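Participant: In my numbering, the protein residues as written are 12 to 154.
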Amino acid sequence: MSLDMTDEERETFLADLHVGVISIADGSLGPLTLPIWYQFQDGQVVIITDSTSKKARLITECGRFTLCAQTEEAPYKYVSVEGPVTETRPADLESDLRPMARRYLGTDLGDGYVAGSTIVGQIVITMKPERWRTTDYSKEYSS
12 MSLDMTDEER
22 ETFLADLHVG
32 VISIADGSLG
42 PLTLPIWYQF
52 QDGQVVIITD
62 STSKKARLIT
72 ECGRFTLCAQ
82 TEEAPYKYVS
92 VEGPVTETRP
102 ADLESDLRPM
112 ARRYLGTDLG
122 DGYVAGSTIV
132 GQIVITMKPE
142 RWRTTDYSKE
152 YSS
């Protein structure tokens, strides 16, 4: 039996709430790999980061990145996607940062996070997945 997810399963899983782990090529070094908040909407992965961060610089240089999301409890599941950047633009407080903060922290804590944050210098980066890798170990135990 295959442990791979169907297209619908993988997209549903990626759209669920998970802290992602982003990896970006870093020249002759190993990839830069960090946890990150993300959204999966309209078939695209969306992240927000500081435009002066190493993460943003490396994404700009190579034009692509990988994101992995996983469950924290057994039976484990994960989705890993890799693809090119399709858009980079300045982030907006109300349409970008607040919804992302509320997604991860809930309304009250998310609004508190936004109140203590600055949008200045933040950018939205969108990636279109070209390659998917998935595993759903719950399929191993289902009949």
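Backbone N, C-alpha and C fix where the C-beta goes; we use that ideal spot for every residue, glycine too. Owing to the predicted nature of the structure, the values given are computational and were not obtained by experimental measurement.
Could you spell out where the alpha helix (DSSP H) holding Leu69 opens and where it closes?
Facilitator: Where Leu69 is concerned, the enclosing alpha helix (DSSP H) starts and stops at 65–73.
Participant: Is the segment 103–114 touching the segment 68–81 in the sense that three or more CB pairs, one from each, lie closer than 8 Å?
Facilitator: no
Participant: Check whether the Cβ atoms of Met16 and Thr146 sit closer than 9 Å, and answer yes or no.
Facilitator: yes
Participant: For the putative contact between Val135 and Val57, defined by C-beta atoms under 8 Å, what is the C-beta separation to the nearest angstrom?
Facilitator: 6 Å
Participant: Just to confirm the assignment: which complete beta strand (DSSP E) runs, minimum length 3, are found wholly within the segment 72–103?
Facilitator: 75–81, 88–101
Participant: How close, in whole Å, do the beta carbons of Tyr148 and Leu25 come, if the pair is a contact with beta carbons under 8 Å?
Facilitator: That belief does not hold up - the Cβ atoms of Tyr148 and Leu25 are roughly 17 Å apart, past 8 Å.
Participant: I'd like the ranges of any alpha helix (DSSP H) spanning at least 4 consecutive residues and lying wholly in the segment 119–151.
Facilitator: none
Participant: Buried or exposed: where does Met12 fall if 16 or more other Cβ atoms within 10 Å of its Cβ makes it buried?
Facilitator: Around the C-beta of Met12, fewer than 16 other C-beta atoms lie within 10 Å, and the residue is accordingly described as exposed.
Participant: Could you check the C-alpha separation between Gly121 and Val32 for me, to the nearest Å?
Facilitator: Our two residues, Gly121 and Val32, have alpha carbons roughly 20 Å apart in a direct line.
Participant: Among residues of its own chain, excluding the 5 on either side of Ile35, which ones have a beta-carbon nearer than 7 Å to its beta-carbon?
Facilitator: Pro42, Leu43, Lys66, Leu69, Ile70, Cys73, Phe76
Participant: Report buried or exposed for Val125, applying the criterion of at least 16 other Cβ atoms within 10 angstroms of its Cβ.
Facilitator: buried
Participant: Cα separation between Ser91 and Pro140?
Facilitator: Answer to the nearest angstrom: the Cα atoms are 9 Å apart.
Participant: For Ile47, which residues of its own chain have a beta-carbon under 6 Å away from its beta-carbon, when the five flanking residues on both sides are left out?
Facilitator: Gly31, Ile33, Ile58
Participant: Out of Gln133, Leu28, Lys88, point me to the one whose CA is closest to Tyr161's CA.
Facilitator: Here the chain comprises residues numbered 12 to 154, so residue 161 is not present and cannot be evaluated.
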